[in-house]
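The numbering of the sequence shown is my numbering, which starts it at 1 and goes up by one.
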Amino acid sequence: MTGIRALTLVLDEPSSIASALRDALGWTIESDFGSFASLTAPGSIPLWINAPAPGDETSRGVVIHMHCDDVDEAFQQAIERGALAVREPVDMDFGERSACVQIPAAPGVTIDFSRPLG
Numbered sequence: 001m002t003g004i005r006a007l008t009l010v011l012d013e014p015s016s017i018a019s020a021l022r023d024a025l026g027w028t029i030e031s032d033f034g035s036f037a038s039l040t041a042p043g044s045i046p047l048w049i050n051a052p053a054p055g056d057e058t059s060r061g062v063v064i065h066m067h068c069d070d071v072d073e074a075f076q077q078a079i080e081r082g083a084l085a086v087r088e089p090v091d092m093d094f095g096e097r098s099a100c101v102q103i104p105a106a107p108g109v110t111i112d113f114s115r116p117l118g
C-alpha cells in the first residue's frame with residue numbers, strides 16, 4: 001500500500017452536502033452527479049460523497065481508499081490479520097481493481113484497496 005488516495009462519506013443528499021462544503025469552506029466541486037459528488041480542498045486528497053445504496057442502511061459511514069500495487073495481496077493480508085471481507089477482489093466497471101474490508105473494532109469504517117486496471 002502506498003497511501004490514502006481519497007476518503008468517501010456515505011450520506012444522504014451528496015449534492016447538497018457538496019454545495020454546503022463549497023460555500024462554507026471554499027472547496028472546489030470537481031464533479032456532482034446527484035448520488036455522488038467529489039470535492040477537493042487546496043493541497044488535499046479528494047473527498048467523495050456517495051448516497052447509500054437504496055434500502056441499505058448498513059452502507060453508511062466512511063470509506064478509506066488505499067492505493068495498492070497488489071489488491072489481492074493487501075486484501076488477503078488484512079483478512080489474515082482479522083479484517084472482515086466486505087467485497088472480494090474484483091475488476092470494477094469504472095476501470096479499477098478493488099476489494100473492501102471492515103475492521104471489527106472500527107464500526108462504520110470500510111477500507112477499500114484499489115488500483116487502476118492496465
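We put the CB at the ideal spot given by N, CA and C, even for glycine.
Practice problem: Mind checking who S19 pairs with in its DSSP beta bridge? | Solution: S19 pairs with nothing; no bridge assigned.
Practice problem: For L7, write down the residues that DSSP places opposite it in a beta bridge. | Solution: L47, I64
Practice problem: Check whether the Cβ atoms of T8 and W48 sit closer than 8 Å, and answer yes or no. | Solution: yes
Quiz item: At what residues does the beta strand (DSSP E) containing F113 begin and finish?
Solution: Taken as a continuous stretch (DSSP letters only), the beta strand (DSSP E) holding F113 covers 109-116.
Quiz prompt | V71 versus V63, D32, R87, residue with shortest Cα-Cα distance | solution = R87
Quiz item: Buried or exposed: which applies to D12, given that a residue is buried once 16 or more other Cβ atoms fall within 10 Å of its Cβ?
Solution: exposed
Quiz item: What number of angstroms, rounded off, separates the C-alpha of F94 from the C-alpha of G108?
Solution: 24 Å
Exercise. Look at the alpha carbon of Q76 and the alpha carbon of G118, and state the distance between them as a whole number of angstroms.
Key: 21 Å
Self-check item: Pairwise C-alpha distance: D112 and A119
Solution: This structure gives no information on residue 119, because the portion of the chain shown stretches from 1 to 118.
Quiz item: Where does A83 fall in DSSP's three states?
Solution: coil
Quiz prompt | Local Cβ density within 10 Å of V10, reported as buried at 16 or more and exposed below that | solution = buried
Quiz item: For F33, which option in W27, P14, I103 has the closest C-alpha, if you only look at C-alpha atoms?
Solution: The shortest C-alpha to C-alpha distance from F33 to any of W27, P14, I103 is the one to P14.
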